[in-house]
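Residue numbers (this note's numbering), protein chains in the order written: chain A, 2 to 190; chain B, 2 to 190.
Think of the CB as a built atom: it goes at the ideal place given N, C-alpha and C, for glycine as much as any other residue.
Number of protein chains: 2
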Amino acid sequence: MAYTPRERMVYSAAQLVRARGATGTGVRDVVEHAKAPRGSFQHYFPGGKDQLVGEAVLWAADFAVERVRSYRRTARTPTPSGLFAHMAKQWKQDFTERGYERGCPLMAAAADLVGTDSTVTADLRTGVERWETAVAEELVAMDVPARRARRLATVMISTLEGAIMSARLHGDVGPLSTVVAELAPLLDD
Amino acid sequence: MAYTPRERMVYSAAQLVRARGATGTGVRDVVEHAKAPRGSFQHYFPGGKDQLVGEAVLWAADFAVERVRSYRRTARTPTPSGLFAHMAKQWKQDFTERGYERGCPLMAAAADLVGTDSTVTADLRTGVERWETAVAEELVAMDVPARRARRLATVMISTLEGAIMSARLHGDVGPLSTVVAELAPLLDD
Chain A
2 MAYTPRERMV YSAAQLVRAR GATGTGVRDV VEHAKAPRGS FQHYFPGGKD QLVGEAVLWA
62 ADFAVERVRS YRRTARTPTP SGLFAHMAKQ WKQDFTERGY ERGCPLMAAA ADLVGTDSTV
122 TADLRTGVER WETAVAEELV AMDVPARRAR RLATVMISTL EGAIMSARLH GDVGPLSTVV
182 AELAPLLDD
Chain B
2 MAYTPRERMV YSAAQLVRAR GATGTGVRDV VEHAKAPRGS FQHYFPGGKD QLVGEAVLWA
62 ADFAVERVRS YRRTARTPTP SGLFAHMAKQ WKQDFTERGY ERGCPLMAAA ADLVGTDSTV
122 TADLRTGVER WETAVAEELV AMDVPARRAR RLATVMISTL EGAIMSARLH GDVGPLSTVV
182 AELAPLLDD
């Protein structure tokens, strides 16, 4: 746990954005949550809140990419539906163990900021692009043709994001289980 | 266009939440956007901003329900994939004609408020439930068995919500076209 104050602030920003949205997350809350020295924020993030939230978004995307890549190491016989279940499982675990307060930071930031002129939108685009590319690459490694892999990655990420929101709304992992089961034949076709 | 100031405020709240999120939408902005008399807000919405946003969310859900029901009147041979395309088409039109600033008000409000103790969460649950029920009812009218209709409704709404966000992020309706085409065989199976 040898994280620097700077790393802790990025992590805290991601966690607070997950629960309260980007607009609802103040710099002061992040500094406090990260137990960072007062006054250090300006030093580490001269670009202000947009820089902080942008880095939090990219951190979250890299976390999602790592989850996607980890599937291959754990699955004996990797399948597209198995990968999708693996992606959803992380969310089911998080909701079951920690409650439904926290959603996806990418979705939360996008909901608040895409319609504005925030520079975070570019980071969101980069982050989602990395995530989709990672999913498509894993599908290609399972012999899905490249073009179809790209399209299925779009379906998987869109459906997962919507189901995460639905699960939070209902306080129930049911929607995640439903989309995993229903998409399976399509993904493995 | 004989809308009352009260109706205009609900509509304006929905439109502003779509673009800025629930946290980013202030009561004063809504009153101004609705060209409502100053001071009338408290009169019409004694429950404050939560009441206003809650009504905006239910208004948006009823709008989505109406869109779902309209498919049967326009389609010669209704199919589940045709219904999904019909739902997505409205978004593609809105984005193409009016730009990508405005997303789904249900998603926007959910992203900001589900993790908080806002009373809007109950309205969101009611709204999404109405929407899912309407989709399932249309599928049943196309001879999809009731249990499967319910599950497909969850898939359709989750995937649509995620694809709306992805389209906004990329400033491109591509993700909506992709999910409509890819889900078609699954929905019509």
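Name the chain B residues whose beta carbon is nearer than 9 Å to that of residue 101 of chain A? By one-based count along the first sequence, residue 101 of chain A stands at place 100. Per Cβ cutoff of 9 Å: 115 and 116.
Could you round the C-beta distance between residue 18 of chain A and residue 106 of chain A to whole angstroms and report it? I think they count as a contact, below 8 Å. Residue mapping note: residue 18 of chain A aligns to position 17 of the first sequence, counting from 1. Residue mapping note: residue 106 of chain A aligns to position 105 of the first sequence, counting from 1. Confirmed, Cβ separation roughly 5 Å.
Which of helix, strand or coil DSSP assigns to residue 159 of chain B: As a first step, residue 159 of chain B is located in the second sequence; it is residue number 158 there, counting from the start. Shown here, residue 159 of chain B sits in a helix according to DSSP, grouped into three states.
Partners in chain B for residue 126 of chain A, counting only beta-carbon separations shorter than 8 Å: As a position in the first sequence, residue 126 of chain A is number 125, starting the count at 1. What residue 126 of chain A touches in chain B: 170 and 171.
First and last residue of the uninterrupted alpha helix (DSSP H) at residue 143 of chain B: Taking the first residue of the second sequence as position 1, residue 143 of chain B is located at position 142. Looking at the DSSP string, residue 143 of chain B is not in any alpha helix (DSSP H), and its letter there is neither H nor E.
Interface flag, residue 82 of chain A vs chain B, CB-CB below 9 Å: Translated into positions along the first sequence, residue 82 of chain A becomes position 81. For residue 82 of chain A, the answer is no, since every Cβ of chain B falls outside 9 Å of its Cβ.
Since residue 25 of chain A meets chain B, which of its residues come closer than 7 Å, beta carbon to beta carbon? Position 24 of the first sequence, counting from 1, holds the residue named residue 25 of chain A. What residue 25 of chain A touches in chain B: 24 and 113.
Cutoff 9 Å: residue 15 of chain A Cβ touching any chain B Cβ: Here residue 15 of chain A corresponds to residue number 14 of the first sequence, with the count starting at 1. Chain B contact via Cβ: absent.
Close beta carbons around residue 93 of chain A, own chain, < 7 Å, minus the five adjacent residues each side: Counted from its first residue, the first sequence places residue 93 of chain A at position 92. Same-chain partners within the cutoff: 174 and 177.
Contact list for residue 21 of chain A against chain B, beta-carbon separation under 8 Å: For this step, residue 21 of chain A is matched to residue 20 along the first sequence. The answer, in chain order, is 24, 113, 116 and 117.
Counting only runs that start and end within the stretch 19-58 of chain A, where is the alpha helix (DSSP H) found for 4 or more residues in a row? Counting whole runs of 4 or more residues, the stretch 19-58 of chain A contains the alpha helix (DSSP H) stretches 28-34 and 41-45.
CB contact below 9 Å: residue 61 of chain A versus chain B: Translated into the one-based positions of the first sequence, residue 61 of chain A becomes position 60. Against chain B, the CB of residue 61 of chain A has no partner CB under 9 Å away; the residue lies outside that interface.
Output the distance between the C-alpha atoms of residue 32 of chain B and residue 39 of chain B, rounded to the nearest integer angstrom. Locating residue 32 of chain B in the second sequence gives position 31, where the first residue counts as 1. Locating residue 39 of chain B in the second sequence gives position 38, where the first residue counts as 1. If you draw a straight line from the Cα of residue 32 of chain B to the Cα of residue 39 of chain B, it is about 7 Å long.
Are the C-beta atoms of residue 135 of chain A and some chain B residue less than 9 Å apart? Counting from one through the first sequence, the residue named residue 135 of chain A turns up at place 134. Under the Cβ criterion of 9 Å, residue 135 of chain A is not counted among the residues facing chain B.
Excluding the 5 residues flanking residue 46 of chain B on each side, which residues of the same chain have their C-beta closer than 7 Å to its C-beta? As a working note, residue 46 of chain B is residue 45 in the second sequence. Here the set comprises 52 and 53.
Does residue 109 of chain A have its Cβ less than 9 Å from a Cβ in chain B? Within the first sequence, numbered from 1, the residue matching residue 109 of chain A stands at position 108. True, the Cβ-Cβ gap to chain B drops below 9 Å.
Starting from residue 117 of chain A and walking both ways along the alpha helix (DSSP H), at which residues does that stretch end? Counted from its first residue, the first sequence places residue 117 of chain A at position 116. Segment: none, residue 117 of chain A is in no alpha helix (DSSP H) and carries neither H nor E.
Alpha carbon to alpha carbon, how far is residue 167 of chain B from residue 101 of chain B? Give it in angstroms, no decimals. The residue you call residue 101 of chain B lines up with position 100 of the second sequence. The residue you call residue 167 of chain B lines up with position 166 of the second sequence. Their backbone Cα atoms lie some 10 Å apart in a straight line.
Selection of the stretch 140-165 of chain B by Cβ proximity to chain A, strictly under 8 Å: Sequence-ordered contacts of the stretch 140-165 of chain B with chain A read 152, 153, 155, 156, 158, 159, 160, 161, 162, 163 and 164 [C-beta pairs closer than 8 Å].
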